[in-house]
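Residue 12 is where the sequence shown starts when you use the numbering used here, and the numbers rise one by one after that.
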Amino acid sequence: MTSTFLVEINKLKNIETNLEKSEQILLDYLHKHGLTEIIDFYDSLEVERKKGVNIIQNEIINMLTLLNKFKSLPTKTEKEKEHLDYKRTKREMILLAENIKSIHHKTNDYIDKLKQNEKKYYDDVKHFEYKIGDWEKQNSLVWSNPRTNDKIDENISSFLTFLSQNGGHSNGWSSDDHNLFLRVRSKCRNMEELCTYLHNVLPDVSEEEIKLHETWYLKYLELKQKQKEAIKTWRKSKSAVVTQTKPVNSTTVRVASAYSHRKKVSRHEIKEKLEKWKQEKLERIQQERILFDETEKQKKELEYQHKLKHVEIKRAIDNWKVAKLEKEELQLHEKHILEKNQRLFKSAMANRLIKEFQIQDAVFVRRRIESCKPKINCLQRVASSVHATRDPSRLLRPTKQWISRIKTSVEDCTHVENSTTIKTIQRLGMPGWRKGVAVSR
12 MTSTFLVEIN KLKNIETNLE KSEQILLDYL HKHGLTEIID FYDSLEVERK
62 KGVNIIQNEI INMLTLLNKF KSLPTKTEKE KEHLDYKRTK REMILLAENI
112 KSIHHKTNDY IDKLKQNEKK YYDDVKHFEY KIGDWEKQNS LVWSNPRTND
162 KIDENISSFL TFLSQNGGHS NGWSSDDHNL FLRVRSKCRN MEELCTYLHN
212 VLPDVSEEEI KLHETWYLKY LELKQKQKEA IKTWRKSKSA VVTQTKPVNS
262 TTVRVASAYS HRKKVSRHEI KEKLEKWKQE KLERIQQERI LFDETEKQKK
312 ELEYQHKLKH VEIKRAIDNW KVAKLEKEEL QLHEKHILEK NQRLFKSAMA
362 NRLIKEFQIQ DAVFVRRRIE SCKPKINCLQ RVASSVHATR DPSRLLRPTK
412 QWISRIKTSV EDCTHVENST TIKTIQRLGM PGWRKGVAVS R
């Protein structure tokens, strides 16, 4: 950004130097030939220009004062910052921003005004250059009664007015853009194709502006054709007037020859001066064009380097962002793993401590219970043992109890009772306490 700004400043400085040199040459020429009207006009413009420059300089000085004040804010101590009126500082910063915008708009308006004046003076100069060819022609001294009209033809004046109101012969466009428009216009078949192509080549020019420029150009061609026809008509009428001349005597011829000789000399001098001035102007224009081409080349080269540097910086920033993001993700992953391990370790330690505390509590409770129980003298159990004699002969004999059991089971199997029916079921007897109750009913 700074390099581009410095290049623009140097370019403007070189243009200003060349303009001042050309201006000084022109002033010397005017002083030499005593053209006071042009000098007075230049002095009035110079006074107005200096006045505008002084106003802009004063505004810039005021802005620089505020800017230097703001630059000293970071170097203040903590105590000074505590006593600083931030609201006032904010108002001053807003005022500075508004002043910058205001001076930007003023300079743009002033430049637009100068461009309009330049176009107007350029058209006037072109008009007078066109008239010089007619003025240089030698007019014979004849007595005639031509019907002349001091007023300019309406078609010519309307064409000149149209040029002055619409930014000259290119409608305010640069010469390169207008020439490109003419070349593309001759190749394109319709308006949409023309607008699309020019908008792609000149992205700063919208399609609406291209359509307006096309409308202007059609009007320009129409008025220019009318101007040409008016000039042809004027030339025909002039040639017809010259042929209708009266004869002159010898005295008039001698006076005319002397006058024409003196006029030839003055015209020859003027022509030489004009040729010299045109040559100087062409050389100056060529120098300016060479200088402009060099500055444009340097500007494009610096812009290309700036773009490359910007791309490299952007690539480095993107790489740094990616590396930073990967590093943050890795740190976050490690942090999650560490927190998870800590939680697992804490839960394991808690479970282990809980078990230990439970065991300790159980031991404590058991000891406490044992300490609270009364002590009882327990008798030791002694295993009882019966020593009896056994008769081997009774080994295969049944016991009386077994015999009785067998008999009982046989009798039960042989005795079969009748089946029980509802008629054979004995009814329950009525209790005595209910008998009296039943009788009373």
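The beta carbon of each residue, even a glycine, is placed where N, CA and C say it ideally should be. Since the structure is predicted, the reported quantities are computational estimates derived from the model, not experimental observations.
Measure from the alpha carbon of residue i to the alpha carbon of each residue in the options, then state which is nearest.
i	options	result
I167	P409, T435, L234, H44	L234
L229	K117, P214, R196, D215	R196
K243	S358, D164, K98	D164
N211	L223, E225, L191	L191
P214	T226, D188, E225, M202	D188
H44	D372, D304, K284	K284
K82	I71, N69, T100, E70	T100
N73	V322, K61, E109, Y53	E109
F170	K237, D123, M202, K137	K237
I281	I143, H115, N128, I49	I143
N79	Q290, F368, H138, M104	M104
L37	E291, R60, E312	E291
I26	I301, K61, L46, H279	I301
E57	L125, I348, K249, I20	L125
Can you round the beta-carbon distance between residue i and residue j to whole angstroms, since I take them to be within the 8 Å contact cut?
i	j	result
G179	D134	6 Å
L209	I221	5 Å
L77	L107	5 Å
H224	N177	In fact, because the Cβ distance is near 10 Å, the residues do not count as touching under 8 Å.
C5	L205	As shown, the chain starts at 12 and ends at 452. That puts residue 5 outside it, with no answer to give.
S113	R295	About 36 Å; that fails the 8 Å criterion.
E299	N128	Not a contact, Cβ separation roughly 19 Å.
Spatial neighbours of residue i within its chain, please: C-beta separation below 8 Å, excluding the five flanking residues on both sides.
i	result
K117	I67
S217	H210
M463	Lying outside 12 to 452, the shown extent of the chain, residue 463 is not represented and no answer is given.
W245	D164
G63	Y121
E323	none
I365	none
S175	K130, K131, D134
R445	none
K357	none
Check the Cβ-Cβ distances between residue i and every residue of chain C, and say whether any is below 7 Å.
i	result
D51	The question asks about chain C, but that chain is absent: this structure has only one protein chain.
Once you ignore the five residues that flank residue i on each side, which residues in its own chain have a CB closer than 7 Å to its CB?
i	result
K24	none
W227	N177, N182
N160	Below a pLDDT of 50, predicted positions are generally treated as unreliable, and N160, at 47, falls in that range; no measurement from the model is reported.
E381	none
Keeping to the same chain, check which residues put their C-beta closer than 6 Å to that of residue i; ignore five residues upstream and five downstream.
i	result
F173	L234
T306	K22
I50	L41
V259	Low confidence applies to V259: its pLDDT is 46, below 50, so where it sits in the model is not reliable, and the reading given next is rough at best. Within the same chain, V259 has no close Cβ partners at all.
N156	With a pLDDT of 45 at N156, under the threshold of 50, the predicted position of this residue should be treated as unreliable, and no value is reported.
Exercise. What residue ranges within the segment 46 to 88 form continuous alpha helix (DSSP H) runs of no fewer than 4 residues, ordered along the chain?
Worked result: Fully enclosed alpha helix (DSSP H) runs of 4 or longer: 47 to 82.
Suppose only complete runs of 4+ residues qualify. What are the alpha helix (DSSP H) ranges in the segment 164 to 206, listed by chain order?
Given a length threshold of 4 residues, each whole run of the alpha helix (DSSP H) inside the segment 164 to 206 is given here in chain order: 165 to 176, 186 to 198.
At what residue ranges does the segment 274 to 320 contain a whole run of the alpha helix (DSSP H), taking only runs of 4 or more? Qualifying alpha helix (DSSP H) stretches: none in this window.
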